[in-house]
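Notes to accompany the following structure.
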Amino acid sequence: MAGVAVLQREDLEILKELFISGGEGLPRGVVENQVACVRQVIKMRGYETREIIEDLRSASELEMLGGRGKLGADTKTLLRILRYRGESKASQYVKKQFKIPKSA
Numbered sequence: 001m002a003g004v005a006v007l008q009r010e011d012l013e014i015l016k017e018l019f020i021s022g023g024e025g026l027p028r029g030v031v032e033n034q035v036a037c038v039r040q041v042i043k044m045r046g047y048e049t050r051e052i053i054e055d056l057r058s059a060s061e062l063e064m065l066g067g068r069g070k071l072g073a074d075t076k077t078l079l080r081i082l083r084y085r086g087e088s089k090a091s092q093y094v095k096k097q098f099k100i101p102k103s104a
């Protein structure tokens, strides 16, 4: 997953520069603000599945108190990252936690 995250970071930088277009496109500050949360998601995709699962567990508890996990994401974002990870460990965790049948 870390390799994919590196490629996504590179692609994001290319897209960012495309939208800025050497000063002829959108203002740099506007573009930077829009890509900030995307950078966070890409960064989280570089973490090990185990780390994301641990953070999802702690974030679930902290979210009730208005907090977030150590990775800085809310539970919905962490769950989406796990769901689309394509690893059996992530898939098993999601299915077990949300009681999804094995055939799904």
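Number 56 in UniProt numbering belongs to position 56 of the sequence shown; there are no gaps in the numbering. Where is the CB? At the ideal position from N, CA and C, for every residue including glycine. None of these values were measured; they are calculated from a predicted model.
(1) If you reduce the DSSP assignment to three classes, tell me which class Lys95 lands in.
(2) Residue range of the alpha helix (DSSP H) that Arg39 falls in?
(3) Where Arg39 and Asp11 are concerned, what is the direct C-alpha to C-alpha distance, given to the nearest angstrom?
(4) For residue 109, which residues in the same chain have their Cβ closer than 8 Å to its Cβ, ignoring the five residues on either side in sequence?
(5) What residue range does the alpha helix (DSSP H) around Ile100 cover?
(6) Name the two residues that bound the continuous alpha helix (DSSP H) containing Arg80.
(7) Quick check on Glu24: does DSSP put it in helix, strand or coil?
(8) Helix, strand or coil for Gly3, going by three-state DSSP, please let me know.
By the coordinates alone:
(1) Your numbering for residue 95 matches position 95 in the sequence shown. Helix, per DSSP.
(2) Here the question's residue 39 lines up with position 39 in the sequence shown. Taken as a continuous stretch (DSSP letters only), the alpha helix (DSSP H) holding Arg39 covers Arg28 to Arg45.
(3) Locating residue 39 in the sequence shown gives position 39, counting from the first residue. Locating residue 11 in the sequence shown gives position 11, counting from the first residue. Rounded to whole angstroms, Arg39 to Asp11 spans 11 Å at the Cα level.
(4) For the chain, the structure presents residues 1 to 104; residue 109 sits outside this window and is missing.
(5) Working through the sequence shown from its first residue, we reach residue 100 at position 100. No alpha helix (DSSP H) holds Ile100; DSSP gives it neither H nor E.
(6) Here residue 80 is taken as the residue at index 80 of the sequence shown, counted from 1. Arg80 -> alpha helix (DSSP H) spans Thr75 to Arg83.
(7) Reading the sequence shown from its first residue, position 24 is the one you call residue 24. Three-state result, Glu24: coil.
(8) For this step, residue 3 is matched to residue 3 along the sequence shown. Here Gly3 sits in helix by DSSP.
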